[in-house]
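Okay, so here's the structure we're looking at.
There are 2 protein chains.
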Amino acid sequence: MPPQNMDRAVLIAARTVLLRDARATMAAIAEEAGMGVAGLYRRYANKQTLLQAVAADNYRRYVAFAEAALSDTDDPWHAFTDFLRHVLDEGLPRLTVALRGEVTFDQRLSDLDKLAVNTTNRLLRAARGSGALRPEVTRADITVLLEQLGRIDVGDDVRSAALRRRYLTLVCDGLRADSATRRLPGPPPHEAELLGRWA
Amino acid sequence: MPPQNMDRAVLIAARTVLLRDARATMAAIAEEAGMGVAGLYRRYANKQTLLQAVAADNYRRYVAFAEAALSDTDDPWHAFTDFLRHVLDEGLPRLTVALRGEVTFDQRLSDLDKLAVNTTNRLLRAARGSGALRPEVTRADITVLLEQLGRIDVGDDVRSAALRRRYLTLVCDGLRADSATRRLPGPPPHEAELLGRWA
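Protein sequence lines, in the order shown, are assigned to chains G and W.
The first sequence begins at 1 in UniProt numbering and counts up one residue at a time.
The second sequence begins at 1 in UniProt numbering and counts up one residue at a time.
Below, the structure written as structure tokens:
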């Protein structure tokens with residue numbers, strides 16, 4: 001396997017194991033990747049370095065889905081809901097929740113976080129501009145809703161994914177400007193409330 | 001304090017403490033209730049008996065809100081959404097989640113669970129019959145949605161409650177038949193999937 005493919009395989013193995021247990025050992029991750037623990041430590045000097053690589057990869061996947069949605073200018077609402085579905089199907093919010101409290105934010109992760117926020121805001125502006133999205137919905141709302149949907153877990157991966165799609169459909173219908181019977185009450189989460197959960 | 005008021009005070013103290021930490025000790029609960037541990041053990045022979053009493057009380061509160069909503073036959077949709085708001089404001093789904101895995105289901109709790117299911121089904125039939133509720137929404141959907149909303153927690157009780165109301169408003173708009181852009185995909189959770197989470 002070429003080195004970059006091996007890196008990818010390690011990240012995928014780490015995602016899989018960390019989604020089951022965010023406190024998994026390097027040994028468990030090495031086993032899932034089909035390599036020795038020593039080999040894993042040659043790539044990542046310690047578990048924190050690996051966790052940061054996994055978190056960075058999670059951000060990059062998120063931004064890639066958001067960028068793809070932004071390129072669909074014909075139907076911003078469809079692009080937006082498709083983006084939410086991809087992000088959920090890939091388990092990105094679940095991994096974010098799992099890594100909370102485990103991963104230490106370094107400069108690279110802070111930069112990726114800013115990029116993810118900016119790209120989501122661009123996507124929301126497009127959906128809002130098309131008139132389809134409730135105007136008061138913010139990026140912080142989307143963060144909370146994705147995390148809540150990501151937490152749905154009935155013990156079986158296939159069924160859990162199907163249920164996440166069921167409730168995403170309901171939430172997306174609730175996000176539409178046409179559906180609003182009233183303005184959403186209270187302010188959305190403040191940035192500090194969202195960031196506080198990383199502490 | 002008359003004995004029944006003291007019982008109520010103990011249950012309220014237990015709710016408060018268990019919502020913070022479902023594995024709280026009898027000592028922590030006694031302290032919150034402003035009584036000695038020995039006094040608490042005179043009322044509840046062991047922690048499991050107290051947990052079962054708290055769970056039973058939680059079911060009874062839920063059913064009382066549902067019955068109140070059923071008595072409003074003028075506007076079944078308004079009664080239904082008000083019911084959801086009361087249940088969330090009172091923290092009933094949060095306590096259910098907190099007690100999961102901690103409380104052992106005895107016959108009394110099984111009977112109360114059946115009563116809660118039946119009452120919710122009657123409420124859903126009324127909301128469906130009025131044409132306001134998406135016809136495919138089941139009691140299991142409501143269980144999942146209430147638990148998801150109940151889990152919203154930004155570390156501050158007042159802000160968390162305000163955010164739960166914000167997203168409940170969005171979810172209620174999504175639950176309306178008028179809002180449906182398509183049928184909700186996939187089946188709702190099976191009973192075994194919901195019950196399995198109590199194991």
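Positions of the beta carbon are idealized from the N, C-alpha and C atoms, including for glycine.
Give the residues of chain W in contact with residue i, contact being defined as C-beta atoms less than 9 Å apart.
| i | result |
| --- | --- |
| residue 162 of chain G | 185, 186, 187 |
| residue 182 of chain G | 169, 173 |
Expressed to the nearest angstrom, what Euclidean distance is found between the alpha-carbon atoms of residue i and residue j?
| i | j | result |
| --- | --- | --- |
| residue 9 of chain G | residue 71 of chain G | 29 Å |
| residue 23 of chain W | residue 53 of chain W | 15 Å |
| residue 57 of chain G | residue 138 of chain W | 38 Å |
| residue 200 of chain W | residue 179 of chain G | Residue numbering for chain W in the displayed model covers 1 to 199; residue 200 of chain W lies beyond these limits and cannot be assessed. |
| residue 82 of chain W | residue 145 of chain G | 21 Å |
| residue 141 of chain G | residue 32 of chain G | 35 Å |
| residue 105 of chain G | residue 94 of chain G | 18 Å |
| residue 99 of chain W | residue 157 of chain W | 19 Å |
| residue 199 of chain W | residue 107 of chain W | Note that residue 199 of chain W scores a pLDDT of 42, beneath 50, so its modelled location is shaky and nothing firm can be said. |
| residue 176 of chain G | residue 128 of chain W | 22 Å |
Given a cut-off of 7 Å, decide if residue j and residue i are closer than it, judged by their beta-carbon atoms.
| i | j | result |
| --- | --- | --- |
| residue 97 of chain G | residue 147 of chain G | yes |
| residue 184 of chain W | residue 166 of chain G | yes |
| residue 103 of chain W | residue 64 of chain W | no |
| residue 168 of chain W | residue 152 of chain W | no |
| residue 222 of chain W | residue 123 of chain W | No answer is possible for residue 222 of chain W: it lies beyond the span of chain W, which begins at 1 and ends at 199. |
| residue 76 of chain W | residue 126 of chain W | yes |
| residue 26 of chain W | residue 40 of chain W | yes |
| residue 62 of chain G | residue 92 of chain G | yes |
| residue 186 of chain W | residue 171 of chain G | no |
| residue 194 of chain W | residue 143 of chain W | yes |
| residue 154 of chain W | residue 188 of chain G | no |
Just the chain G side, please: which residues come within less than 9 Å of residue i by C-beta, in chain order?
| i | result |
| --- | --- |
| residue 148 of chain W | 148, 149, 151, 152, 167 |
| residue 145 of chain W | 167, 170 |
Taking the continuous alpha helix (DSSP H) assigned at residue i, which residues delimit it?
| i | result |
| --- | --- |
| residue 92 of chain G | 92 to 99 |
| residue 142 of chain W | 139 to 150 |
| residue 109 of chain G | 107 to 129 |
| residue 44 of chain W | Unbroken run through residue 44 of chain W: none, as it is neither H nor E. |
| residue 219 of chain G | What the structure shows of chain G is the stretch from 1 to 199, and residue 219 of chain G is not part of that stretch, so it cannot be assessed. |
| residue 32 of chain G | 26 to 33 |
| residue 19 of chain G | 3 to 20 |
Inset, instruction - Below 8 Å between beta carbons is the criterion; list the residues of the segment 153 to 180 of chain G that meet it against any residue of chain W, in chain order. - result: 154, 155, 156, 159, 162, 163, 165, 166, 167, 169, 170, 171, 172, 173, 174, 175, 176, 178, 179, 180
Inset, instruction - Could you name the residues of the segment 110 to 143 of chain W whose beta carbon sits closer than 9 Å to any beta carbon of chain G, in the order they occur along the chain? - result: 134, 137, 141
Inset, instruction - Select from the segment 12 to 35 of chain G all residues with a C-beta closer than 7 Å to any C-beta belonging to chain W, and list them in chain order. - result: none
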